[in-house]
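Asker:
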Amino acid sequence: MARLSREFYSGNTVETAQNLLGKVLVRQWKGRFLAGRITETEAYIGRCDKACHAYHYRRTARTETLFLAPGHAYIYLIYGMYHCLNFVTEPEGEPAAVLVRSVEPVAGTEWMQQLRYGEKPLTAYRLKNFLNGPGKVCQGFSLTRHENGLDLTGDTLFVCDGPEDIGLPAPIPAKERLCSGPRIGVDYAEEARDFPWRFWLEKEV
DNA sequence: AGAACGATCGACT
DNA sequence: GTCGATCGTTCTA
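Residue numbers (our numbering): 7 to 211.
1) How about Leu72 and His89: are their beta carbons less than 8 Å apart?
2) Got a sec, what are the start and stop residues for the beta strand (DSSP E) Phe164 sits in?
3) Thinking Arg9 and Val192 are a contact (beta carbons under 8 Å), I'd like their distance in whole angstroms, please.
4) For Gly187, which option in Asn18, Phe205, Pro127 has the closest C-alpha, if you only look at C-alpha atoms?
5) With three or more beta-carbon pairs closer than 8 Å as the criterion, would you say the stretch 74 to 81 touches the stretch 129 to 143?
6) Could you pull out every residue in the same chain whose Cβ sits closer than 7 Å to the Cβ of Val109, ignoring the five residues on either side in sequence?
7) Taking C-beta to C-beta, are Val112 and Pro140 nearer than 8 Å?
8) If Leu27 and Leu184 are in contact, beta carbons under 8 Å, what's the gap, nearest whole angstrom?
9) Since Ser16 and Pro97 should fall inside the 8 Å C-beta cutoff, what is the C-beta to C-beta distance between them, to a whole number of angstroms?
10) Run through the DSSP bridge pairs and tell me what Tyr82 is partnered with.
11) Do you know offhand how far Arg33's Cα is from Ser11's?
12) Write down the C-beta distance between Met7 and Ile190 rounded to the nearest angstrom, noting that I regard them as a contact closer than 8 Å.
13) Beta-carbon within less than 8 Å of Thr22's beta-carbon, same chain only, minus the 5 sequence neighbours each way: which residues are those?
14) Note the first and the last residue of the continuous alpha helix (DSSP H) segment covering Gly42.
15) Are there 16 or more other CB atoms within 10 angstroms of the CB of Gln145, so buried, or fewer, so exposed?
16) With distances taken Cα to Cα, identify the nearest neighbour of Ala198 among Ile51, Glu70, Glu125, Gly86.
17) Please state whether DSSP places Trp203 in a helix, a strand or coil.
18) I'd like to check one pair, Ala180 with Pro169: are the Cβ atoms closer than 8 Å?
19) Of the residues Arg151, Thr115, Pro101, Leu156, which one's Cα is nearest the Cα of Thr19?
20) Going by other Cβ atoms of all chains shown within 10 Å of its Cβ, with 16 needed for buried, is Gly162 buried or exposed?
21) Name the DSSP beta bridge partners of Cys144, please?
22) Rounded to whole angstroms, how far is the Cβ of Gly160 from the Cβ of Arg38, which I believe are closer than 8 Å?
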């Protein structure tokens with residue numbers, strides 16, 4: 007199964023965050039594929055970024071994952087009830103990662119809906135807000151800190167170029183524009199709050 | 001041991 | 001737009 011290699015994750019984090027847009031996140035779960043197209047990301051770089059958990063190479067039990075080789079999953083609990091999925095980037099020892107903020111469903115949609123909403127009815131509001139947030143992505147893909155440290159070159163969680171790579175029809179290409187702006191929820195991070203390290207795809211009119 | 005806080009979400013006004 | 005939920009992580013002592 008074609009998937010992005012460790013080299014893909016090993017370079018500059020800001021570039022990798024942009025390169026991940028449009029790629030497909032795949033999770034093998036209970037013998038099924040859950041998949042979604044990545045549409046929003048953020049870059050975090052320990053070397054120079056006060057918003058990064060591993061700012062200035064800070065090592066704690068939690069940030070150990072960020073010091074792994076590129077191409078591992080960094081998943082942590084936030085606000086006591088949600089999780090955030092990141093991909094470790096840069097050469098090993100440079101703590102940095104790309105946060106996955108939003109995806110569009112590609113495969114396993116009904117299972118992801120079950121994981122998100124259980125038996126609650128699918129309203130228009132819920133469909134519109136299905137996987138458009140980091141906590142929602144983790145809920146829909148059944149990712150918790152139990153999956154922290156997973157190797158993205160393995161079989162259970164990985165990223166590929168497109169739906170074709172998991173045996174699905176190629177999508178009809180849509181006109182989309184790459185946008186960037188400040189990251190969400192990092193107002194405490196002094197000068198780093200303004201870094202334009204959030205990237206997303208926007209449909210062209 | 002205790003306190004403060006957070007890379008969020010959904011309910012509600 | 002506001003606000004509470006909820007608990008692991010981190011820091012202070």
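Glycine included, C-beta positions come from ideal geometry on N, C-alpha and C.
Answerer: According to the data block:
1) no
2) 163 to 166
3) So it is not a contact: roughly 30 Å between Cβ atoms.
4) Comparing Cα-Cα distances from Gly187 to each of Asn18, Phe205, Pro127, the minimum goes to Phe205.
5) Flag = no, the stretch 74 to 81 and the stretch 129 to 143 do not touch.
6) Leu31, Gly42, Arg43, Ile44, Thr45, Leu137, Val143, listed in sequence order.
7) no
8) 6 Å
9) 6 Å between Cβ atoms; contact.
10) Cys90
11) For Arg33 and Ser11, the gap between their C-alpha atoms comes out near 16 Å.
12) The beta carbons of Met7 and Ile190 sit about 32 Å from each other, so the pair does not count as a contact at 8 Å.
13) Phe14, Tyr15, Ala49, Phe93, Thr95, Val104
14) Careful: Gly42 lies outside any alpha helix (DSSP H), inside the beta strand (DSSP E) at 38 to 51.
15) buried
16) Ile51
17) coil
18) no
19) Pro101
20) The sequence given here has Thr at residue 162, not Gly. Classification for Thr162: exposed.
21) Partner(s): none; Cys144 has no beta bridge.
22) Beta-carbon to beta-carbon, Gly160 and Arg38 are separated by about 17 Å, too far to satisfy the 8 Å threshold.
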